[in-house]
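K.L.:
When we follow full-length UniProt numbering, the leftmost residue of the sequence shown carries the number 1, and every step to the right adds one.
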Amino acid sequence: MPSLATPAVPAGALADIAQPEIDAGELRLRPWRADDREAVLAGYADPDIQHWHCRSMNALEADAWIAAWSGRWKGESGAGWAVERDGVVVGQISLRRIDLAEGLAEVSYWVLPAARGAGVAGRALGALTRWSFGTLGLHRIEVAHSTANPASCAVAERAGFVLEGTKRGEAKHADGWHDMHLHARLASDG
Ligand SMILES: CC(C)(COP(=O)(O)OP(=O)(O)OC[C@H]1O[C@@H](n2cnc3c(N)ncnc32)[C@H](O)[C@@H]1OP(=O)(O)O)[C@@H](O)C(=O)NCCC(=O)NCCS
């Protein structure tokens with residue numbers, strides 16, 4: 001069924017614009033660079049990130065992960081930003097399953113252990129949400145997390161992503177299938 005909304009960036013047009021930096025107050029979201037390898041390796045060396053994002057990474061894989069983002073932007077399948085504080089990468093946030101025709105996307109995030117508990121994920125999510133509704137013209141953005149991950153639940157709730165329900169056994173982690181909370185925020189939520 002066609003969308004009733006007129007998207008700010010029509011489907012197929014993302015490749016025509018450069019991936020922007022997004023101001024998030026004392027944080028800055030910026031496209032990944034080849035010299036971010038150490039930050040990416042540090043992220044995927046963390047047991048919590050390995051667990052909740054279901055992977056680890058060596059140097060070659062980190063380089064490939066970074067390099068893939070520009071193609072994903074051009075192909076409209078994803079958009080990833082490094083989250084910087086004082087010029088240092090402290091986390092990542094990304095749009096996945098982008099569907100510009102329907103105005104939909106899902107967000108994923110992680111924060112390096114030393115930077116947690118200071119509102120980094122919440123502020124990055126707030127800034128990306130504003131940009132995605134305002135500039136990209138999305139209508140609905142989802143966050144999904146395991147019901148065993150209360151920190152991610154708090155981040156989503158704080159950023160105005162309403163808990164809509166629980167998807168049973170939707171994600172397989174190292175310790176088996178997890179039920180997933182589905183949160184979403186609509187552009188019309190204000
Ligand atoms: C989840 C994660 C991104 C949060 O990043 P952060 O920058 O520390 O998040 P914030 O500081 O913005 O907010 C953390 C919130 O979680 C809460 N929190 C942290 N640990 C918690 C726990 N074990 N139980 C309940 N709440 C918890 C904090 O109190 C805070 O809530 P508040 O704002 O209501 O006080 C980070 O812990 C992380 O990267 N974890 C590993 C990867 C991961 O879980 N990614 C998400 C997958 S869906």
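Glycine included, each C-beta is placed from N, C-alpha and C at the ideal position.
State the Cα-Cα distance for the pair Arg168 and Leu182, rounded to the nearest angstrom.
P.N.:
If you number the sequence shown from 1, residue 168 lands on position 168. If you number the sequence shown from 1, residue 182 lands on position 182. Approximately 10 angstroms, taken between the alpha carbons.
K.L.:
When you compare only the Cα positions, how much space is there between Ala115 and Leu29?
P.N.:
Here the question's residue 115 lines up with position 115 in the sequence shown. Here the question's residue 29 lines up with position 29 in the sequence shown. Rounded to whole angstroms, Ala115 to Leu29 spans 15 angstroms at the Cα level.
K.L.:
Pick out whichever of Ala79, Ala13, Gly117, Cys153 has its Cα sitting closest to the Cα of Glu106.
P.N.:
Numbered from its first residue, the sequence shown carries residue 106 at position 106. It is Ala79.
K.L.:
Is Gly165 near ligand 1 - that is, is its Cβ less than 7 angstroms away from at least one heavy atom of it?
P.N.:
Mapped onto the sequence shown, residue 165 falls at position 165. Not under cutoff, so the answer is no.
K.L.:
Flag Ser152 as yes when its Cβ comes closer than 7 angstroms to any non-hydrogen atom of ligand 1, and as no otherwise.
P.N.:
Numbered from its first residue, the sequence shown carries residue 152 at position 152. Flag set: Cβ of Ser152 near ligand 1.
K.L.:
Measure the CB-CB distance between Arg43 and Gln92 and report whether it falls below 8 angstroms.
P.N.:
In the sequence shown, the residue the question calls residue 43 occupies position 43. In the sequence shown, the residue the question calls residue 92 occupies position 92. Before going on, a small fix: residue 43 reads as Gly here, not Arg. Yes; because the gap between Cβ atoms is below 8 angstroms, this pair is in contact.
K.L.:
Tell me the DSSP secondary structure of Pro2 in three-state form.
P.N.:
Taking the sequence shown and counting its residues from 1, one reaches residue 2 at position 2. Residue confidence for Pro2 is low, a pLDDT of 43 falling below 50, so the modelled location carries little weight and cannot support an answer.
K.L.:
Would the region 121 to 129 count as touching the region 150 to 158 if we require 3 or more Cβ pairs under 8 angstroms?
P.N.:
Judged by Cβ distances under 8 angstroms, the region 121 to 129 makes contact with the region 150 to 158, as three or more pairs qualify.
K.L.:
Please work out which residues of its chain come closer than 8 angstroms, Cβ to Cβ, to Ile49, disregarding the five sequence neighbours upstream and downstream, and give them in chain order.
P.N.:
Start at 1 with the first residue of the sequence shown, and residue 49 comes out as number 49. Excluding positions up to five away in sequence, the list reads Gly43, Trp110.
K.L.:
Are the CB atoms of Trp32 and Trp73 within a distance shorter than 8 angstroms?
P.N.:
Numbered from 1 along the sequence shown, position 73 holds the residue referred to as residue 73. Numbered from 1 along the sequence shown, position 32 holds the residue referred to as residue 32. Against a cut-off of 8 angstroms, the Cβ pair of Trp32 and Trp73 comes out as no contact.
K.L.:
How long is the line joining the alpha carbons of Asp179 and Thr166, rounded to whole angstroms?
P.N.:
As a position in the sequence shown, residue 179 is number 179, starting the count at 1. As a position in the sequence shown, residue 166 is number 166, starting the count at 1. Computed Cα separation, rounded: 7 angstroms.
K.L.:
Rounded to whole angstroms, what is the Cα-Cα separation between Ala59 and Ala127?
P.N.:
In the sequence shown, the residue the question calls residue 59 occupies position 59. In the sequence shown, the residue the question calls residue 127 occupies position 127. Approximately 30 angstroms between the Cα atoms of the pair.
K.L.:
Give me the residue from Ala15, Ala82, Phe133, Val88 with the minimum Cα distance to Gly103.
P.N.:
To locate residue 103, count along the sequence shown from 1; it is residue 103. The shortest C-alpha separation from Gly103 is found at Phe133.
K.L.:
Taking the straight line between their C-alpha atoms, what separation do you get for Glu84 and Leu125?
P.N.:
Residue numbering aside, residue 84 sits at position 84 when the sequence shown is read from its first letter. Residue numbering aside, residue 125 sits at position 125 when the sequence shown is read from its first letter. When rounded, the distance between both Cα atoms is 13 angstroms.
K.L.:
Looking only at its chain, what residues have a beta carbon closer than 7 angstroms to the beta carbon of Pro47, apart from the 5 residues adjacent to it on each side?
P.N.:
Translated into the one-based positions of the sequence shown, residue 47 becomes position 47. Correct list: empty, nothing qualifies.
K.L.:
In its own chain, which residues sit with a C-beta less than 7 angstroms from the C-beta of Ala8, not counting the 5 before and 5 after it?
P.N.:
Your numbering for residue 8 matches position 8 in the sequence shown. Thr135, Leu136, Gly137.
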